[in-house]
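**Q** Got a structure for you, written out below as structure tokens; questions coming shortly.
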Amino acid sequence: MPFNLSPPKSKHDASGVENLIRSMMKKHRTPFMLIRRSVLERQYQRFRKCLPEVTPYYAIKANPHPGIIKTFIKFGASFDVASAAEMKEVLGAGAPPSKIIFANTIKSAEDISFARKRGVRLMTFDNEPELYKLAEHTPGAQVLVRIKVANHGSVVELSLKFGADSDQGMYLLRKAKTLGLVPMGVSFHVGSQSTNVENYLQALEMTAGIFKEARENALALKIVDIGGGFPIQHFDNEVGVNFERMASQIRREIKTLFDKNVKFIAEPGRFLVGPAGVLVTQVMGRTFRNNKNYYYLNDGVYADFSGMVFDHCRYEFKTLRRGQKFLSALAGPTCDSFDTLSLNEEIPELYTGDVIYVKNIGAYSCASATANFNGFAPAKLILV
Ligand SMILES: *Cc1c(COP(=O)(O)O)cnc(C)c1O
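In this note's numbering, each residue carries its 1-based index in the sequence shown increased by 47.
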């Protein structure tokens, strides 16, 4: 990962976060995950401001905590769900069904029926057997064909498993129509944590091709779903992530390629919730082995650091202590050597009970934590 050598942008932010951690430590046992509402709002407004033509549907899999869903409902967000259980969560929090997209291209018959009963009409698909299932269980549903697009440079690849070949898009949409469904448009996903804007630009070009073909065949398409993938910084001094620049390029492409009456939606997950999260852990014990300090934390890869496995994520570990730094290793609390977080952190010497915290860890962390492996509970999530 490329780094620049300039100091962190805002020392202010660091001390603000550390003061918040100190005050929360007085009331809560670690590990805990702070989700800052102000940052949820900042990210949501950033998205709205940079892509004003694009309606964001928060992909709740990134972090499905009810408090987060409720917060986004207040901001006026729409939602992307992948199952009946996620749909229940969002509807239960008070979102109207018209603001939900069922964006899993493979859905069970039961989940499809649930969507119909609850009035969720908009969904994605990428294959013909799914169309027959939709036609049977939710006739008249509005469908977007998900096409396979380049995921070059994205940290989490999604096109290996999903997406029809774009030259099949038109055929599948026409098929949807003959089966009594309402073909609405095209969706894609460039892969998660996509720092390469070319993926979006190429996907939009492919989509425009399908829109043109549809027009020529008297099929009026209305919606383009540009998916998720919008990247965030995980490290203070990381370079190469520039949402504002990406968004302006995407916006220009949208304006060049599509008519004004086409509606755009997106499914951001990580971008909206990642920067809001601060995970706070404590050192349970320490030892010296392999010529370095080993610190054992009360949270690990089985719980809130599960993103290191499933999300291929790396984090910046920070301490509340200052002073000379030593090469150190960090490990989780379980009896598995795999539960190792880092073998080469440069951090000050720590003692049992000292804090190690990680910022920008709100997405794909607690969402994929196991419940209680080895008896270690995941972090309590606290909205602040
Ligand atoms: C995971 C996922 C998202 C969210 O992706 P991010 O990279 O977190 O923005 C959106 N849409 C679909 C279909 C997904 O599978």
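We put the beta carbon where it would ideally sit given N, CA and C, even for glycine. No experiment lies behind these values; they were computed from the predicted model shown.
(1) So if DSSP puts MET170 in a beta bridge, which residue, or which two residues, is it bridged to?
(2) Which same chain residues end up closer than 7 Å to PHE126 when comparing Cβ atoms and leaving out the 5 residues on each side of it in sequence?
(3) Does DSSP put GLN371 in a helix, a strand or coil?
(4) Are there any heavy atoms of ligand 1 lying less than 7 Å away from the beta-carbon of HIS199, as far as the coordinates show?
(5) Hey, how far is the Cα of PHE352 from the Cα of CYS413?
(6) Give a single yes or no on whether GLU300 has its beta carbon closer than 7 Å to a heavy atom of ligand 1.
(7) List the whole-angstrom C-beta distance separating ILE82 from ALA426, where the pair is believed to meet the contact cut-off of C-beta under 8 Å.
(8) At which residues does the alpha helix (DSSP H) containing PHE357 begin and terminate?
(9) Is LEU205 near ligand 1 - that is, is its Cβ less than 7 Å away from at least one heavy atom of it?
(10) From which residue to which residue does the beta strand (DSSP E) around GLU392 run?
(11) Restricting to runs no shorter than 3 residues, where is the beta strand (DSSP E) found entirely within the region 186–250?
(12) Could you check whether PHE172 and LYS190 sit closer than 8 Å to each other, using their CB atoms as the reference points?
(13) Quick one: residues in its chain with C-beta nearer than 6 Å to the C-beta of THR387, no 5 flanking neighbours on either side, listed in chain order?
(14) By Cβ distance, which residues of its chain are closer than 6 Å to ILE273, with the 5 residues on each side in sequence left out?
(15) What is the rounded straight-line gap between the Cα of GLY354 and the Cα of VAL348?
(16) Sorted by chain position, which residues of the same chain lie with C-beta nearer than 7 Å to LYS269's C-beta, five sequence neighbours on each side aside?
(17) What do you reckon, is the C-beta of GLN240 under 7 Å from a heavy atom of ligand 1?
(18) Using CA atoms only, rank isn't needed, just tell me which of ARG317, SER389, LYS302, LEU220 is closest to TYR91.
(19) Starting from TYR179, trace the beta strand (DSSP E) in both directions and tell me its first and last residue.
(20) Residues in its own chain within less than 7 Å of GLU88 by CB, not counting five upstream and five downstream?
(21) Would you call the region 295–303 and the region 367–385 in contact, with 3 or more CB pairs under 8 Å?
(22) Could you compute how far the alpha carbon of LEU169 sits from the alpha carbon of PHE119?
(23) So what does DSSP say about ALA378, is it helix, strand or coil?
(24) Is ASP212 buried or exposed, if buried means 16 or more other CB atoms sit within 10 Å of its CB?
(25) Go ahead and label VAL244 buried or exposed: buried means 16 or more other beta carbons lie within 10 angstroms of its beta carbon, across all protein chains shown.
(26) Which two residues bound the contiguous beta strand (DSSP E) that contains PRO113?
(27) Roughly how many whole angstroms lie between the Cα atoms of ASN345 and MET71?
(28) Classify GLY422 as buried or exposed, calling it buried when 16 or more other Cβ atoms lie within 10 Å of its own Cβ.
(29) Does ligand 1 have even one heavy atom less than 7 Å from the beta-carbon of GLY315?
(30) Who are the Cβ neighbours of LYS222 in its own chain at under 8 Å, not counting the five residues just before and after it?
(31) Alpha carbon to alpha carbon, how far is ALA129 from ALA424?
(32) If we count the other Cβ atoms within 10 Å of its Cβ and call it buried at 16 or more, is PRO99 buried or exposed?
(33) What residue ranges within the region 284–323 form continuous beta strand (DSSP E) runs of no fewer than 3 residues, ordered along the chain?
(34) Taking 8 Å as the cut-off, decide whether the C-beta atoms of ALA162 and LEU228 are in contact.
(35) Can you have a look at GLY321 and say buried or exposed, based on whether 16 or more other CB atoms are within 10 angstroms of its CB?
(36) For ALA188, which of THR225, PHE385, VAL356 has the nearest alpha-carbon?
**A** This is what the structure gives:
(1) The sequence position of residue 170 within the sequence shown is 123, counting from 1. For MET170, which the question treats as bridged, DSSP gives the partners PHE149, VAL190.
(2) The residue labelled residue 126 in the question sits at position 79 within the sequence shown. If we look at PHE126 and ignore the five residues flanking it on each side, its Cβ neighbours are TYR104, TYR105, ILE107, VAL137, ALA142, LYS146, ILE147.
(3) Residue 371 sits at position 324 when you count from the first residue of the sequence shown. Coil, per DSSP.
(4) Along the sequence shown, one-based indexing puts residue 199 at 152. Relative to ligand 1, even the nearest heavy atom lies 7 Å or more away from the CB of HIS199.
(5) Numbered from 1 along the sequence shown, position 305 holds the residue referred to as residue 352. Numbered from 1 along the sequence shown, position 366 holds the residue referred to as residue 413. Distance from the CA of PHE352 to the CA of CYS413, rounded to the nearest whole angstrom, comes to 8 Å.
(6) For this step, residue 300 is matched to residue 253 along the sequence shown. Checking the Cβ of GLU300 against ligand 1 gives no.
(7) Residue numbering aside, residue 82 sits at position 35 when the sequence shown is read from its first letter. Residue numbering aside, residue 426 sits at position 379 when the sequence shown is read from its first letter. ILE82 to ALA426, Cβ: 11 Å. No contact.
(8) Residue mapping note: residue 357 aligns to position 310 of the sequence shown, counting from 1. Taken as a continuous stretch (DSSP letters only), the alpha helix (DSSP H) holding PHE357 covers 354–357.
(9) Walking along the sequence shown from the start, residue 205 turns up at place 158. The nearest non-hydrogen atom of ligand 1 is less than 7 Å from the C-beta of LEU205.
(10) As a position in the sequence shown, residue 392 is number 345, starting the count at 1. In the DSSP assignment, GLU392 falls within the beta strand (DSSP E) that extends over 387–395.
(11) Runs found: 189–193, 201–203, 229–234, 239–241.
(12) Walking along the sequence shown from the start, residue 190 turns up at place 143. Walking along the sequence shown from the start, residue 172 turns up at place 125. Note that residue 190 corresponds to Val in the displayed sequence, not to Lys. PHE172 sits close to VAL190, with the two beta carbons spaced by under 8 Å.
(13) Numbered from its first residue, the sequence shown carries residue 387 at position 340. Excluding residues up to 5 positions away in sequence, ALA378 lie with their Cβ nearer than 6 Å to the Cβ of THR387 in the same chain.
(14) By one-based count along the sequence shown, residue 273 stands at place 226. Taken in chain order, the residues that qualify are ALA313.
(15) Working through the sequence shown from its first residue, we reach residue 354 at position 307. Working through the sequence shown from its first residue, we reach residue 348 at position 301. Their backbone Cα atoms lie some 8 Å apart in a straight line.
(16) Taking the sequence shown and counting its residues from 1, one reaches residue 269 at position 222. Within the same chain, LYS269 has close Cβ partners MET231, GLY232, VAL309, LYS310.
(17) For the purposes of this step, residue 240 is taken as residue 193 along the sequence shown, with counting starting at 1. Distances from the CB of GLN240 to the heavy atoms of ligand 1 include at least one below 7 Å.
(18) Position 44 of the sequence shown, counted from the first residue, corresponds to residue 91. Of the listed residues, the one whose Cα sits closest to TYR91 is ARG317.
(19) Translated into positions along the sequence shown, residue 179 becomes position 132. For TYR179, there is no enclosing beta strand (DSSP E); the enclosing alpha helix (DSSP H) covers residues 175–184.
(20) Position 41 of the sequence shown, counted from the first residue, corresponds to residue 88. For GLU88, where only same-chain residues beyond five positions count, the Cβ hits under 7 Å are PHE122.
(21) When Cβ pairs closer than 8 Å are counted between the two stretches, the region 295–303 is seen not to touch the region 367–385, the count staying below three.
(22) As a position in the sequence shown, residue 169 is number 122, starting the count at 1. As a position in the sequence shown, residue 119 is number 72, starting the count at 1. Between the alpha carbons of LEU169 and PHE119 lies a distance of about 19 Å.
(23) Along the sequence shown, read from residue 1 onward, the residue named residue 378 stands at position 331. Note: ALA378 maps to strand in three-state DSSP.
(24) On the sequence shown, residue 212 is found 165 positions in, with the first residue counted as 1. Around the CB of ASP212, fewer than 16 other CB atoms lie within 10 Å, so the residue is classed as exposed.
(25) For the purposes of this step, residue 244 is identified with residue 197 of the sequence shown, where counting begins at 1. Buried: at least 16 other Cβ atoms inside 10 Å.
(26) One-based indexing of the sequence shown puts residue 113 at position 66. It is not in any beta strand (DSSP E) - PRO113 instead sits in the alpha helix (DSSP H) that spans 113–122.
(27) Working through the sequence shown from its first residue, we reach residue 345 at position 298. Working through the sequence shown from its first residue, we reach residue 71 at position 24. ASN345 and MET71 have their C-alpha atoms spaced approximately 17 Å apart.
(28) What you label residue 422 is simply residue 375 of the sequence shown in a count that begins at 1. Flag for GLY422 reads exposed.
(29) In the sequence shown, the residue the question calls residue 315 occupies position 268. It should be noted that the sequence gives Pro, not Gly, for residue 315. Yes, Cβ of PRO315 sits closer than 7 Å to a heavy atom of ligand 1.
(30) Position 175 of the sequence shown, counting from 1, holds the residue named residue 222. Correct list, in chain order: GLU175, LEU178.
(31) The residue you call residue 129 lines up with position 82 of the sequence shown. The residue you call residue 424 lines up with position 377 of the sequence shown. Each residue's Cα considered, the two are about 26 Å apart.
(32) For the purposes of this step, residue 99 is taken as residue 52 along the sequence shown, with counting starting at 1. It counts as exposed.
(33) Scanning the region 284–323 for uninterrupted beta strand (DSSP E) segments of 3 residues or longer gives 310–313, listed from N- to C-terminal end.
(34) As a working mapping, residue 162 is identified with position 115 in the sequence shown. As a working mapping, residue 228 is identified with position 181 in the sequence shown. For ALA162 and LEU228, no; Cβs fall outside 8 Å.
(35) As a position in the sequence shown, residue 321 is number 274, starting the count at 1. GLY321 is buried by the Cβ-count criterion.
(36) Taking the first residue of the sequence shown as 1, we reach residue 188 at position 141. For ALA188, the closest alpha carbon among the candidates THR225, PHE385, VAL356 is that of THR225.
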